[in-house]
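Enquirer: Mind having a look at this structure? Questions to follow.
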Amino acid sequence: LVTQIQVCDRPKSQFILLFWANNIPAVGYRVFWLCREAAETPENSFPATQNLLQTELRQVTTTIARNDAFCQETHFDAQRKVLENEFFLAKIDWETGNLSSIWDKLNNREVLNVAGGNQLQSFQDSGQYWDAWNIDPNYEKHQLPAPILKDIFWVEQGELRQSLRVVRQIGKSEFCQDYIVEISSPLLKIRTLVDWQETHVLVKTAFGLNQSADFATCEIPGGAIERTTKPQTAAEKAKWEVPILRWVDISNDDFGVSLLNDCKYGCDLQPNQIRLTLLRGSTWPDEQADIGIHEFTYAVYPHRGNWQNAGTVRQGYELNLPLLVKVLPKLEENHNNPLPAVGKLLDLSADNLVLMAFKQSEDNPNLWILRCYESEGKEAVLELDSDLGLEIVRSTDLLERPANLSEKPPTGGFKIDPWKIASFAVNL
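Quick note: the sequence shown uses this note's numbering, first residue -1, plus one each step.
What follows is the structure in structure tokens.
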């Protein structure tokens, strides 16, 4: 496996080891061994004597004890102004810290328009009685000065991950953002740490897109909804700020851009622009409200075709639910672990089905309830695959009552209608 090592600033006795851990089963695990180059590891079981990493991470990052034999001093090309992988090349404006270009290699086109991306825009946001709930409808008339660029420098320039840090100031608040590009990932991530000290200030990040569409698609609970980017009626114009969950997408038939996030659930839309709302400074009912440290991540995902074909739903979940890593101690010679090196615990066998819950039945301790939903507006077939020997007994309603007392599990799997939330009783 290709690896990348980053020495920790504190403590000096540790370093960060990264490697690309792919082919992780759905709701499962895969074991990776950390050993010297000459060592051999078994293919189908836990090793008897080697240190190992049991991981559920696609991009693994873990801190381990430092060994100088592994460590080499890192040298950065300080003049380099681009981040690049096999999917895209991103350029940073070193005068502002904004994104000036994202060149999509697969589609051979520019993603951003001349306005660029990740423009931090701040506005005065005051005068509302329900301060913590309502954004000032006239906030755009009161834009504040552009952020001050304080610093820009490289954090990582490795085979697996590149990271460029931009530090900017808005009022008394500091925004520290890492532009992150990873091997085999189509996402340009923007990991953000903010020391927020503002009141009655609204901050958004704007992405000007090199395409235009009449509608944007926003994720909502258990599905997605189209919202106009050209409001005509009074009701549409009243939706100048709209809710989203993990992603919002502007696409045409041949190309699109999704903006993903891990906790920022509001935005405003134009035919060729998405502005994600990042922070506000309300003072009622809590005078301190959001004052303090904030950490969040959002990501740009250029893609071919529409959001369904691009798997935007999955990308949104993967950003929000990063896989976990567990470092296990060195195993003894006589250690006998019955677990296989790879485990698949719960696979729904359809990319457009999303697991919502797996819980014990309220009425029968011998049954478990599996709940999922169809996420792309097309029919799906559920065929449960699990190393635990799980078996669907019947479909149920949301109250876990049998949907059809005479129903028998179909041989070809359970058909699930578009956008449907489906529940099933499962034997373990």
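Where is the CB? At the ideal position from N, CA and C, for every residue including glycine.
The model shown is predicted, which means the values in this text are computed figures rather than measured ones.
Return the Cβ separation of threonine 203 and glutamine 117 in integer angstroms, given the expectation that the two are a contact with Cβ distance under 8 Å.
Expert: Correct: roughly 7 Å between the Cβ atoms.
Enquirer: Please state if the CB of leucine 258 and the CB of tyrosine 315 are separated by a distance shorter than 7 Å.
Expert: No.
Enquirer: Count the other CB atoms within 10 Å of the CB of tryptophan 18; is the residue buried (16 or more) or exposed (fewer)?
Expert: Looking at its Cβ environment, which holds 16 or more other Cβ atoms inside 10 Å, tryptophan 18 is buried.
Enquirer: Measuring CA to CA, which of Pro229, Leu351, Pro283 is closest to glutamine 126?
Expert: When each option's Cα is compared against that of glutamine 126, the closest is Pro283.
Enquirer: Using the three-state DSSP reduction, which class does alanine 423 fall into: helix, strand or coil?
Expert: In this structure, alanine 423 counts as strand in the three-state DSSP scheme.
Enquirer: From the DSSP output, in three-state form, read off glutamate 172 for me.
Expert: The answer is strand: DSSP assigns glutamate 172 an E or B state.
Enquirer: Determine the closest residue to phenylalanine 173 out of Ala420, Pro407, Trp194, Leu274, with distance taken between C-alpha atoms.
Expert: Checking every option, the nearest Cα to that of phenylalanine 173 belongs to Trp194.
Enquirer: Starting from the C-beta of glutamine 119, find all residues in its chain whose C-beta is less than 6 Å away, skip the five residues before and the five after it, and write them out in chain order.
Expert: Around glutamine 119: Lys202, Ala204.
Enquirer: Under 7 Å between the Cβ atoms of isoleucine 188 and tyrosine 296?
Expert: Going by C-beta atoms, isoleucine 188 is nearer than 7 Å to tyrosine 296.
Enquirer: Along the chain, where does the beta strand (DSSP E) that runs through glycine 341 open and close?
Expert: Where glycine 341 is concerned, the enclosing beta strand (DSSP E) stretches over 340 to 342.
Enquirer: Write down every uninterrupted run of the beta strand (DSSP E) in the segment 209 to 287 whose length is 3 residues or greater and which is fully enclosed by it, in chain order.
Expert: For the segment 209 to 287, whole beta strand (DSSP E) runs of length 3 or above, ordered along the chain, are 213 to 218, 221 to 226, 245 to 249, 253 to 259, 264 to 268, 271 to 278.
Enquirer: For glycine 341, which residues of its own chain have a beta-carbon under 6 Å away from its beta-carbon, when the five flanking residues on both sides are left out?
Expert: Closer than 6 Å at the Cβ level, and outside the excluded window around glycine 341, lie Gly26, Tyr27, Asp385.
Enquirer: Rounding to the nearest angstrom, what Cα-Cα distance links leucine 267 and cysteine 216 in this structure?
Expert: Their Cα atoms are separated by approximately 10 Å.
Enquirer: Whose C-alpha, out of Ser421, Pro320, Gln141, Asp102, is nearest the C-alpha of glutamate 398?
Expert: Taking only the C-alpha atoms, the option nearest glutamate 398 is Ser421.
Enquirer: Report yes if the C-beta distance between serine 249 and histidine 198 is below 7 Å; otherwise report no.
Expert: Taking 7 Å as the Cβ cut-off, serine 249 and histidine 198 do not qualify as a contacting pair.
Enquirer: How about glycine 411: is its Cβ closer than 6 Å to a heavy atom in the ligand GTP?
Expert: As presented, the structure is devoid of all ligands, the ligand GTP included, so that no description of it is given.
Enquirer: Quick one: Cα of leucine 185 to Cα of valine 179, how far?
Expert: The straight-line gap from Cα to Cα measures roughly 7 Å.
Enquirer: Going by DSSP, what residue range makes up the beta strand (DSSP E) through glutamate 316?
Expert: Note, glutamate 316: premise wrong, no beta strand (DSSP E); alpha helix (DSSP H) at 310 to 318.
Enquirer: Tyrosine 137 by DSSP, collapsed to three states: which one?
Expert: Note: tyrosine 137 maps to helix in three-state DSSP.
Enquirer: Below 8 Å on the Cβ atoms is my contact criterion, and I expect leucine 97 with leucine 110 to pass it. Report the Cβ-Cβ distance as a whole number of Å.
Expert: With a Cβ gap of about 6 Å, leucine 97 and leucine 110 count as contacting.
Enquirer: On the DSSP letters alone, give me the boundaries of the beta strand (DSSP E) that leucine 97 sits inside.
Expert: Its beta strand (DSSP E) spans residues 97 to 102.
Enquirer: Do alanine 378 and asparagine 350 have their C-beta atoms closer together than 7 Å?
Expert: Yes, these two residues count as a Cβ contact at 7 Å.
Enquirer: Out of Tyr371, Ala348, Asn364, Asn362, state which residue places its alpha-carbon closest to the alpha-carbon of alanine 355.
Expert: Measuring from the Cα of alanine 355, the nearest candidate turns out to be Tyr371.
Enquirer: Less than 7 Å separating the beta-carbons of histidine 292 and valine 192?
Expert: Yes, they are a contact pair.
Enquirer: Among the candidates Gln122, Gly410, Phe85, whose CA atom is the shortest distance from the CA of arginine 107?
Expert: The shortest Cα separation from arginine 107 among Gln122, Gly410, Phe85 belongs to Phe85.
Enquirer: Using the DSSP secondary-structure output, state which residues sit across from histidine 198 in a beta bridge.
Expert: DSSP output for histidine 198 lists no bridge partner at all.
Enquirer: From the DSSP output, in three-state form, read off tryptophan 92 for me.
Expert: The answer is coil: DSSP assigns tryptophan 92 none of H, G, I, E or B.
Enquirer: Mind checking who leucine 397 pairs with in its DSSP beta bridge?
Expert: For leucine 397, which the question treats as bridged, DSSP gives no partner whatsoever.
Enquirer: Based on the DSSP secondary-structure assignment, which residues constitute the bridge partners of phenylalanine 74?
Expert: According to DSSP, which records beta bridges pairwise, phenylalanine 74 is partnered with nothing at all.
Enquirer: Determine which residues share a DSSP beta bridge with cysteine 33 and list them.
Expert: Beta-bridge pairing links cysteine 33 to no other residue.
Enquirer: Determine the direct distance from the alpha carbon of valine 255 to that of lysine 103, and round the result to whole angstroms.
Expert: The alpha-carbon atoms of lysine 103 and valine 255 are separated by roughly 14 Å.
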